[in-house]
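With this note's numbering, the residue at position 26 of the sequence shown is 28, and numbering never jumps. Where a beta carbon is used, it is the ideal one built from N, C-alpha and C, also for glycine.
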Amino acid sequence: MKRFRFLQQSAVLAGLLALCSLPATVRAQDATPPPQSDSGQPPAHARHGQAQEEELAKLNLTDDQKAQVKKIHEDMKTQVEAVKSDSTLSADQQHAKLGAIRKSSHEQVMQLLTPEQRKQLKADEMARKAAHQQGGQAPPPQQ
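Here it is in structure tokens:
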């Protein structure tokens, strides 16, 4: 009788331990590393952000413009993180919100630029897109 009770308690304890460890297992499976291409490069969206930063760096921004662009990018990053952590949104809703955030940030940056800087940025963006469509590297920026 005592042995049966001991086995029963052991089985219940083992079941509870298994249930308690389940959330940790699920979280470990969800924690996938960021995607990398076969060449070890970051994903395309990260490279796109780097290209935009490089294009802005070529525009000879004033210190005030640099500070404002930095603030816009920090605000955008905060908003993006909030959308990505909102588990109530579907993937399509997240995608739509992220697109709207990026578009809004781009428009804010464009408003900061002088007409000459806007023209140069558009030319650089078009050259980058054309090179991407051809599958090659972007040509050197116009000076």
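Worksheet item: Are Val-71 and Leu-100 touching if we call contact CB-CB under 9 Å?
Response: In the sequence shown, counting from the first residue as 1, residue 71 sits at position 69. In the sequence shown, counting from the first residue as 1, residue 100 sits at position 98. No, they are not a contact pair.
Worksheet item: What residues in its chain sit with their C-beta under 7 Å from that of Leu-58, if we drop five residues either side in the sequence?
Response: As a position in the sequence shown, residue 58 is number 56, starting the count at 1. These residues qualify, in order along the chain: Val-71.
Practice prompt. Could you tell me whether the region 115-131 touches the region 82-99, using the rule of 3 or more Cβ pairs below 8 Å?
Written response: no
Worksheet item: Hey, Lys-60 and Asp-126 are a contact pair by Cβ (cut 8 Å); roughly how many whole angstroms apart?
Response: For the purposes of this step, residue 60 is taken as the residue at position 58 of the sequence shown. For the purposes of this step, residue 126 is taken as the residue at position 124 of the sequence shown. That belief holds up - the Cβ atoms of Lys-60 and Asp-126 are roughly 7 Å apart, short of 8 Å.
Fill in: Spatial distance of Ala-129 from Glu-56 (CA atoms)
Mapped onto the sequence shown, residue 129 falls at position 127. Mapped onto the sequence shown, residue 56 falls at position 54. Spanning the two alpha carbons is a distance of roughly 13 Å.
Practice prompt. Taking 9 Å as the cut-off, decide whether the C-beta atoms of Ser-107 and Asp-77 are in contact.
Written response: Looking up residue 107 in the sequence shown gives position 105. Looking up residue 77 in the sequence shown gives position 75. Taking 9 Å as the Cβ cut-off, Ser-107 and Asp-77 qualify as a contacting pair.
Worksheet item: How is the alpha helix (DSSP H) around Thr-80 delimited, first residue to last?
Response: As a working note, residue 80 is residue 78 in the sequence shown. Note, Thr-80: alpha helix (DSSP H), 65-87.
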